[in-house]
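J.:
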Amino acid sequence: MKLRVLGSAAGGGFPQWNCNCAQCSAVRSGSSSHRARTQSSVAVGGPDDWLLVNASPDILTQLQRSPALQPARGARDTGIAAVLLCDGQIDHSTGLYMLRERGAKLPLWTTRPAFEDLSQGNPILRVLGHYCGVDWHEIGLDGQSFEMPGVADLAVTALPLESKPAPYSPHRDCPVPGDNIGLTFENTATGGRVFYAPGLGEITPPVWEAMSRADAVLVDGTFWTDDEMIRLGFSKKTGRSIGHLPQSGEGGMLEWLGRLPATTRKLLIHINNTNPILDEASPERRAVEAAGVEVTFDGLEIAF
Ligand code: MLT
Ligand code: MN
Ligand code: ZN
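Mapping the sequence shown onto numbering that gives the first Met the number 0, position 297 (from 1) lands on 296, and the numbers just tick up by one.
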């Protein structure tokens, strides 16, 4: 079984359409130490049938770059057996519109709060009802693993996270369990496990336990410092206030990752265009690599 990174950037992508910061400009001018990235999504399963985890605005480009997700067994066909969303944010849900030509209802797995946000504040699912429609399956928060019909040998376990729902959620400022989830993917044939949490504001004891039990962890790589967007003059909000734990500093993601066993593969994903680790020649990138932590890129695959 594989996990394929379809998009390794946070919302906005890299470069971001309207951004002329040093990093986005470097990508546009073809710098050899900056690599373009599409917005947050992974696929799990294979060889022919996959679970799409998060539906990025860049999904069409991502599918073009992923022939394994287009097995072409019929005149109209897809390798996407089902879709699961970690939250109801724009970067994880807008790609659902691009799947509207499907011949049958789209099997969709979300928590109830994400389903409500995508039916009310940002009613993508109501709009999709005029096209293929969705066959919604609620992801419970009881910690029970569930199988994914259509994707052999895959068991998924969801964990509620401390993070933030989208700005159009009625509980943006008072999050409820299920606004954001982390996921453990288990290959039931081998016992191999991958933990995936692109939006992770706090390492709570249950999150730490799930990370400790995984062979590989792909975790929130949005910001290097908490005040990164403020210092660049792009926002008045800290990373933590929008649900993303920064990598550097006391209690940061690198400190946590450093406590995992040396045998655990550690990777950062959902990386914002402001994060200096996207410059492969930067001291911050060298610090990440020296800590034994990988920076995911579009097309990276993990076998488990
Ligand atoms: C986030 O992860 O905080 C959101 O996706 C940000 C966004 O896309 O606007
Ligand atoms: Mn995001
Ligand atoms: Zn930029």
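Even glycine gets a Cβ: it sits at the ideal position worked out from N, Cα and C.
Could you give the distance in angstroms between the alpha-carbon of residue 293 and the alpha-carbon of residue 224?
T.: Looking at the two C-alpha atoms, the distance is approximately 18 Å.
J.: From 14, 280, 203, pick the residue whose C-alpha is nearest to that of residue 270; which is it?
T.: When each option's Cα is compared against that of residue 270, the closest is 14.
J.: Any heavy atom of the ligand MLT closer than 8 Å to the beta-carbon of residue 241?
T.: Yes, Cβ of residue 241 sits closer than 8 Å to a heavy atom of the ligand MLT.
J.: Of the residues 52, 71, 298, which one's Cα is nearest the Cα of residue 196?
T.: Taking only the C-alpha atoms, the option nearest residue 196 is 52.
J.: Could you tell me the alpha carbon to alpha carbon distance between residue 45 and residue 27, rounded to whole angstroms?
T.: Near 33 Å, if we compare the C-alpha coordinates of residue 27 and residue 45.
J.: Between which two residues does the alpha helix (DSSP H) holding residue 254 run?
T.: Residues 252–256.
J.: What are the uninterrupted segments assigned as beta strand (DSSP E) that are 3 or more residues long and contained completely in the stretch 188–213, given in chain order?
T.: Runs of the beta strand (DSSP E) inside the stretch 188–213: 192–196.
J.: Rounded to whole angstroms, what's the CA-CA distance from residue 37 to residue 297? Just pull it up for me.
T.: Cα to Cα, the separation comes out at about 7 Å.
J.: Identify whether residue 288 lies in helix, strand or coil by the three-state DSSP scheme.
T.: Helix, per DSSP.
J.: Quick one: any contact between the stretch 153–169 and the stretch 122–132, if contact means 3 or more CB pairs under 8 Å?
T.: Counting Cβ pairs under 8 Å, fewer than three are found: no touch.
J.: Go through the stretch 52–95 residue by residue and report every complete run of the alpha helix (DSSP H) that reaches 4 residues or more, in order.
T.: Counting whole runs of 4 or more residues, the stretch 52–95 contains the alpha helix (DSSP H) stretches 58–63, 89–92.
J.: Measure the alpha-carbon distance for residue 6 versus residue 59 and round it to whole angstroms.
T.: Roughly 11 Å separates the two Cα atoms.
J.: Residue 173: buried (16+ other C-beta within 10 angstroms of its C-beta) or exposed?
T.: Residue 173 should be labelled exposed.
J.: From what residue to what residue does the alpha helix (DSSP H) around residue 172 run?
T.: Taken as a continuous stretch (DSSP letters only), residue 172 belongs to no alpha helix (DSSP H), as it is neither H nor E.
J.: When you compare only the Cα positions, how much space is there between residue 78 and residue 1?
T.: Their Cα atoms are separated by approximately 13 Å.
J.: Return yes when at least one heavy atom of the ligand MN lies under 8 Å from the C-beta of residue 246, else no.
T.: No.
J.: Assuming contact is defined by CB atoms lying nearer than 9 Å, are residue 242 and residue 200 in contact in what I supplied?
T.: Contact flag set, yes.
J.: Helix, strand or coil for residue 28 per DSSP?
T.: In the structure shown, residue 28 sits in coil (DSSP, three-state: anything other than H, G, I, E or B).
J.: Tell me which residues share the same chain as residue 188 and place their Cβ nearer than 6 Å to its Cβ, disregarding the 5 neighbours each side in the sequence.
T.: Same-chain partners within the cutoff: 152.
J.: Excluding the 5 residues preceding and the 5 following residue 65 in the sequence, name in chain order all residues of the same chain whose CB lies nearer than 6 Å to its CB.
T.: Excluding residues within five positions, none has a Cβ falling inside 6 Å.
J.: So, for residue 25: in the same chain, excluding its five sequence neighbours on each side, which residues have a beta-carbon less than 6 Å away from its beta-carbon?
T.: Around residue 25: 33.
J.: Whole-angstrom Cβ separation of residue 178 and residue 112, contact assumed at under 8 Å?
T.: About 5 Å; that satisfies the 8 Å criterion.
J.: Under 9 Å, do residue 300 and residue 4 count as touching if we go by C-beta distance?
T.: In this structure, residue 4 lies closer than 9 Å to residue 300 by Cβ.
J.: So, for residue 231: in the same chain, excluding its five sequence neighbours on each side, which residues have a beta-carbon less than 6 Å away from its beta-carbon?
T.: The residues are 273.
J.: How would you write the range of the alpha helix (DSSP H) that residue 116 sits in, first residue to last?
T.: Unbroken alpha helix (DSSP H) run through residue 116: 111–116.
J.: To the nearest whole angstrom, what separates the beta carbons of residue 99 and residue 127, a pair I think is in contact under 8 Å?
T.: Confirmed, about 6 Å.
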